[in-house]
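Residue numbers (our numbering): 800 to 954. Right, one structure below, let's go through it.
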């Protein structure tokens with residue numbers, strides 16, 4: 800293999816590894832935001848229930864019911880976001896054994912590894928997209944819940 804080919808493989812490997820690490824960090828940030836959203840929502844639900852038990856006449860029943868539903872949706876989507884995370888971070892045990900044994904066709908192990916990185920990155924991209932949408936739904940539900948709590952007090 801020429802020096803250019805070896806350099807190309809090394810650079811591609813480093814870049815792919817950097818992308819996988821950046822994807823891991825991105826999903827970690829999404830997970831952190833999802834957990835924070837769930838915590839805030841649970842505290843808000845607790846406060847809302849406590850006030851409701853003290854003086855239920857303070858709230859409009861329809862608006863507070865909508866608020867409660869929105870807050871429950873926020874908790875559910877936030878928990879689902881956190882639990883949905885499943886990234887490829889690199890080769891699994893089976894693939895590592897295949898790499899060690901050199902069990903590859905004419906494409907060679909270097910090319911196979913780089914193609915696998917491409918597949919992992921694409922799969923991770925889809926996973927991050929789904930989790931980001933779920934986080935958005937959780938946070939939007941939280942905001943709707945807060946808005947309806949406020950509205951229920953005003954009505």
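Backbone N, C-alpha and C define an ideal beta-carbon position, used for all residues, glycine too.
Check: Going by DSSP in three states, residue 807 sits in which element: helix, strand or coil?; Outcome: helix
Check: Distance, Cα to Cα, residue 881 vs residue 891?; Outcome: 22 Å
Check: What first and last residue would you give for the alpha helix (DSSP H) that runs through residue 876?; Outcome: 860-883
Check: Assign residue 904 to one of three DSSP states: helix, strand, or coil.; Outcome: coil
Check: Does residue 866 pass the burial test, meaning 16 or more other C-beta atoms within 10 Å, or should it be called exposed?; Outcome: buried
Check: I need the straight-line Cα distance from residue 901 to residue 883, nearest angstrom please.; Outcome: 34 Å
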